[in-house]
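A.B. asks:
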Amino acid sequence: MPEVVAAGEAMALLLAPQPGYLRHQTYLELRIGGAEANTAIALARLGFSVAFATWLGRDELGEVVLSRLRAEGVEVWANRVEAPTGLYLRERLPGGRGRVHYRRAGSAASRMGPGAFDPGGLEGAKVFHLTGITPALSESARAFALWALREAKERGVRVSLDVNHRRKLWSAEAARGFLEEALPLVDLLFLSEEDARLWSTEPQDLLPALAARGPKEVVLKRGRKGALALVGGSPVAAEAFPVEELDPVGAGDAFNAGYLAGLLWGKPPEERLRLGCALGALAVTVMGDYEGAPSPEELLAFLGQEHTMDR
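To convert, take the position in the sequence shown, counting from 1, and add 1102; that gives my numbering.
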């Protein structure tokens, strides 16, 4: 029985190991990635039982995704269908900018809809996690996301949603429309400062405005500036950990895992934010979407603590 269930699209990733345009790369590294999958892996590395629900193609890239998720200790609820597994490519441009190229239109996961996995698997779970990327994939995926949120809510599972707006996938108007429907179903809402631009409200006013629509906890991820949260109406803040950044992709997903881990460990909001900032910091120190996610021992060493975390 998993403690955490996440759902979404896990993709094969072709990563340029050296800075520069893809056209000048001599080879690309084959990895995997995807927002919900990154969070699932990070939580599994911390010792939680985690399931990931997705659809994959009956292709070799689907085998890559499946085998690597399982290798990380994630229980995969995968339906294999006659459609390509999603693929994306990443490059680091001159000046430190990153760029992503998606090959996910018509992908296996974009064909998910209501009933895409057995909702009975949610029974006994403590957290269900989703992001705003999944409903952006297609109309059926949007319907899937709302169905999954409702199924979790009806079973008393704490619902976690990361806004994670992707402009390449859908418009700000479409994203806001989905969130208007989703927020009453959400217990814990994550968003970045970039996500906050979906609304015209200032960030300090946005958190209570979003909390008023349903979420009991609203967490604003601010990168190098740390994080803010509104928990039960009370504001909380945490500072970022100074690290040398190598690859920023996946930091927000790692933050989510750290915060959720603190929640599952029974930590107070201040410590949950601190754990989120710690995992986010560790994520950017290595290349890859999730490769920087720590074990419990590595996390404790990073935090400079000597005691173990009771569960």
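Glycine included, every Cβ here is placed at the ideal spot set by N, Cα and C.
Residues bridged to residue 1416 by DSSP?
C.D. replies: Lying outside 1103 to 1413, the shown extent of the chain, residue 1416 is not represented and no answer is given.
A.B. asks: Quick one: using the 10 Å Cβ neighbour count with 16 as the cut-off for buried, is residue 1129 buried or exposed?
C.D. replies: That one is exposed.
A.B. asks: Taking three-plus beta-carbon pairs below 8 Å as touching, is the segment 1290-1299 in contact with the segment 1386-1403?
C.D. replies: Verdict: no, contact absent.
A.B. asks: Please name the residue or residues paired with residue 1134 in a DSSP beta bridge.
C.D. replies: Looking at the DSSP assignment, residue 1134 forms a beta bridge with 1114.
A.B. asks: What residue range does the alpha helix (DSSP H) around residue 1358 cover?
C.D. replies: Its alpha helix (DSSP H) spans residues 1353-1366.
A.B. asks: By the 10 Å Cβ neighbour count, where 16 or more other Cβ atoms means buried, how is residue 1278 classified, buried or exposed?
C.D. replies: Exposed: under 16 other Cβ atoms inside 10 Å.
A.B. asks: Comparing alpha-carbon positions, which option in 1234, 1401, 1121 and 1226 lies nearest residue 1194?
C.D. replies: Of 1234, 1401, 1121 and 1226, the residue nearest in Cα terms is 1121.
A.B. asks: Since residue 1236 and residue 1353 are thought to touch, with beta carbons under 8 Å apart, how far apart are those beta carbons, to the nearest angstrom?
C.D. replies: Going by Cβ atoms, the distance from residue 1236 to residue 1353 rounds to 19 Å, so no, they are not a contact pair.
A.B. asks: Just tell me which of 1288, 1327 and 1323 has its CA closest to the CA of residue 1314.
C.D. replies: Checking every option, the nearest Cα to that of residue 1314 belongs to 1288.
A.B. asks: Count the CB pairs spanning the segment 1111-1118 and the segment 1355-1374 that are closer than 8 Å, and state whether there are at least three.
C.D. replies: Verdict: no, contact absent.
A.B. asks: Apply the 10 Å Cβ neighbour rule to residue 1349 and answer buried if 16 or more other Cβ atoms are within range, or exposed otherwise.
C.D. replies: The residue is buried, with at least 16 neighbouring Cβ atoms inside 10 Å.
A.B. asks: Where does residue 1128 sit, in a helix, a strand or coil, going by DSSP?
C.D. replies: Three-state DSSP puts residue 1128 in coil, outside helix and strand.
A.B. asks: Give the list of continuous beta strand (DSSP E) stretches no shorter than 3 residues that lie fully inside the segment 1241-1321.
C.D. replies: Complete beta strand (DSSP E) runs here, min 3: 1260-1264 and 1290-1294.
A.B. asks: Could you say if the segment 1241-1249 and the segment 1198-1218 meet the contact criterion of at least three C-beta pairs nearer than 8 Å?
C.D. replies: With the cut-off at 8 Å, the segment 1241-1249 and the segment 1198-1218 touch.
A.B. asks: Sort out for me which residues DSSP pairs residue 1200 with in a bridge.
C.D. replies: Answer is 1194.
A.B. asks: Use the C-beta contact count for residue 1211: other C-beta atoms within 10 angstroms, 16 or more gives buried, fewer gives exposed.
C.D. replies: Per the 10 Å Cβ criterion, buried.
A.B. asks: Grouping DSSP H, G and I as helix and E and B as strand, with all else coil, what is residue 1122?
C.D. replies: Here residue 1122 sits in strand by DSSP.
A.B. asks: Along the beta strand (DSSP E) that carries residue 1238, what are the first and last residues, could you check?
C.D. replies: It is not in any beta strand (DSSP E) - residue 1238 carries neither H nor E in the DSSP assignment.
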